[in-house]
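Student: Structure in C-alpha cells, see below.
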DNA sequence: GATGAAAGCTGCTGTCC
DNA sequence: GGACAGCAGCTTTCATC
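Residue numbers (our numbering), protein chains in the order written: chain Z, 929 to 1082; chain P, 929 to 1082.
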C-alpha cells in the first residue's frame, strides 16, 4: 500500500496518541473529519495500523526494571526450538524475544519488579528449557528513550 | 494506587486491544458499562494507563529490520551525555535507548529498512556524537515475541 | 458506598455533492 | 476532499441494593 505525506502525518499523530478524536487528528494534518476518518479506516484495513493498545506506566504497575538477556545455546534442533519458544511465550514478564545474527543466539527483554523478581523468572526459564548454557543478563539503569513509534523511512 | 484483580483484568484487555468499546471490555471482565468506565477513567487519571497508541506493522511501513546496538564509551561527563542524548532523541529510527549496568554503557534498539539504511543511521550517529569508541551492532533475524503488554506482578 | 439503569450528548460512520 | 444527517457509544445523573 502506498502511503503519502498525509498518511504519514496521520500515523505520526496516532502513534503518539490514539485516543484523539478524529476531528482533532484531522485538524493537525489539515483534513476535515470525514476524509481523515476514511484514511484511518483504509490504514486499518490494509493492516498498516496493526492494533491500538494501552501503554502502562511501568513504575505505577510495579515493574520498573528492564532487563536484557543474551542467550547462547548449543541446541538448534526443531524440538529444542519449540520448547524454547513455548517457554518464552508462557512467561509474560518476557516482553520481547529475538533470534539474533552473530555471537548471541537469542536476545530477550524483560519487565520485572527488581533483581529478586528477575531471578525467579531466570530460574523458571532455565528449568523449563534445557541447554541454555550461556545466559548473560544486563540491567537497564535508565530508559533514556522508549517509543513504539517508527518514522517515515527516508 | 491499589490495583485489584478486576483492574488487572481490564488492563490486560486494554493492553491487547484499546479500540474495544467499554461495553465489550466490561463483558470480558464481568462488569456493566458504568463501573467499567469509572475504573478505566480512574486508571487513566492515576497515570497507570500512560497513553493509548497505534502500533504499526513494521513490514507494511518498510521498516522490517530490528537492530540492537551496544555502545561503550570512555566519555562520561555531563556535556558528552547531553550531546549523546540529543543525538539519540533526534534520530527517529532509534526507538529505544537504555543506559546499562555492566560492560556495555548504552543499548540502542533501531527500526530500519535494511542494512544500508542502518549504516546511514550509524554514520549519522558517530558523526554527531564524538567518543563512541566501541559500537557493536547485532541484527534480529526473527522477532519471536514482541509485546508492549506487561503482566500483573506475581 | 458501589452498582445498574436511563437519558443527553459527543463523536463516529455513511451518503451525497 | 468537504458538508450534512443518522446513529452508536461515551459520559453523566439518578435511583437502588
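C-beta: ideal position from N, C-alpha, C; glycine also.
#1: Using 8 Å as the cut-off, can you tell me whether the region 958 to 978 of chain Z makes contact with the region 1033 to 1051 of chain Z, which would need three or more C-beta pairs spanning the two stretches below that distance?
#2: Take every Cβ of the region 992 to 1002 of chain P, pair it with every Cβ of the region 957 to 968 of chain P, and state whether three or more of those distances are shorter than 8 Å.
#3: For residue 951 of chain Z versus residue 1077 of chain Z, is the C-beta spacing smaller than 7 Å?
#4: Taking the straight line between their C-alpha atoms, what separation do you get for residue 1065 of chain Z and residue 1027 of chain Z?
#5: Quick one: grab the DSSP three-state call for residue 988 of chain P.
#6: Using a Cβ cut-off of 8 Å, which residues of the region 978 to 996 of chain P contact any Cβ in chain Z, in chain order?
#7: Using the Cα positions of residue 961 of chain Z and residue 986 of chain P, report the straight-line distance between them to the nearest angstrom.
#8: Identify each residue in the region 935 to 951 of chain P for which the Cβ-Cβ distance to at least one residue of chain Z is less than 8 Å, and report them in chain order.
#9: Leaving out five residues before and five after residue 1109 of chain P in sequence, what residues of the same chain have Cβ atoms less than 6 Å from its Cβ?
#10: Would residue 1089 of chain Z pass as a contact of residue 947 of chain P if the rule is Cβ separation under 7 Å?
#11: Could you tell me whether any Cβ in chain Z is nearer than 7 Å to the Cβ of residue 1027 of chain P?
#12: With 16 other CB atoms within 10 Å as the buried threshold, where does residue 932 of chain P fall?
#13: Whole angstroms are fine: how far does the CA of residue 974 of chain Z sit from the CA of residue 1071 of chain Z?
#14: With a cut-off of 8 Å on the beta carbons, I'd call residue 1081 of chain P and residue 1059 of chain Z a contact; round off their distance for me.
#15: For the region 1005 to 1035 of chain P, enumerate the residues whose C-beta is nearer than 7 Å to any C-beta of chain Z, in chain order.
#16: Is DSSP giving residue 953 of chain P helix, strand or coil here?
#17: Determine the DSSP secondary structure at residue 998 of chain P, reduced to helix, strand or coil.
#18: Assuming residue 1073 of chain Z contacts residue 1022 of chain P under a Cβ cut-off of 8 Å, what Cβ separation, rounded to an integer in Å, is found between them?
#19: Using a cut-off of 9 Å between C-beta atoms, extract the partners of residue 928 of chain P located in chain Z.
#20: If you measure from the beta carbon of residue 1078 of chain P to each beta carbon in chain Z, is any gap under 7 Å?
#21: Using the Cα positions of residue 1004 of chain Z and residue 1033 of chain Z, report the straight-line distance between them to the nearest angstrom.
#22: Among the candidates Z/945, Z/978, Z/936, whose CA atom is the shortest distance from the CA of residue 958 of chain Z?
#23: Out of Z/1052, Z/1063, Z/982, point me to the one whose CA is closest to residue 1019 of chain Z's CA.
#24: Chain P partners of residue 954 of chain Z, CB-CB under 8 Å?
#25: Just the chain P side, please: which residues come within less than 7 Å of residue 1073 of chain Z by C-beta, in chain order?
#26: Give the single residue among Z/978, Z/1007, Z/1041 whose Cα lies nearest to the Cα of residue 988 of chain Z.
#27: Name the chain Z residues that come within less than 7 Å of residue 963 of chain P, Cβ to Cβ?
#28: Suppose the cutoff is 6 Å on Cβ atoms and the five residues either side in sequence are ignored; what does the same chain contact list for residue 977 of chain Z look like?
Tutor: Reading from the atomic positions:
#1: no
#2: no
#3: no
#4: 16 Å
#5: coil
#6: 978, 979, 980, 981, 982, 983, 984, 985, 986, 988, 989, 990, 991, 994, 996
#7: 27 Å
#8: 939, 942, 943, 944, 945, 946, 947
#9: Since the displayed chain P opens at 929 and closes at 1082, residue 1109 of chain P lies outside it and no answer follows.
#10: This structure leaves residue 1089 of chain Z out entirely; chain Z is present only between 929 and 1082.
#11: yes
#12: exposed
#13: 33 Å
#14: That pair is no contact at about 29 Å.
#15: 1013, 1016, 1017, 1020, 1021, 1022, 1023, 1024, 1025, 1026, 1027, 1028, 1029, 1030, 1032, 1035
#16: helix
#17: strand
#18: 7 Å
#19: Nothing can be reported for residue 928 of chain P: it is not among the residues displayed for chain P, which extend from 929 to 1082.
#20: yes
#21: 10 Å
#22: Z/936
#23: Z/1052
#24: Simply none; closest approach about 15 Å.
#25: 1016, 1017, 1022, 1024, 1025
#26: Z/1041
#27: Under the 7 Å cutoff, chain Z gives no residues; its nearest Cβ is about 18 Å from residue 963 of chain P.
#28: 971
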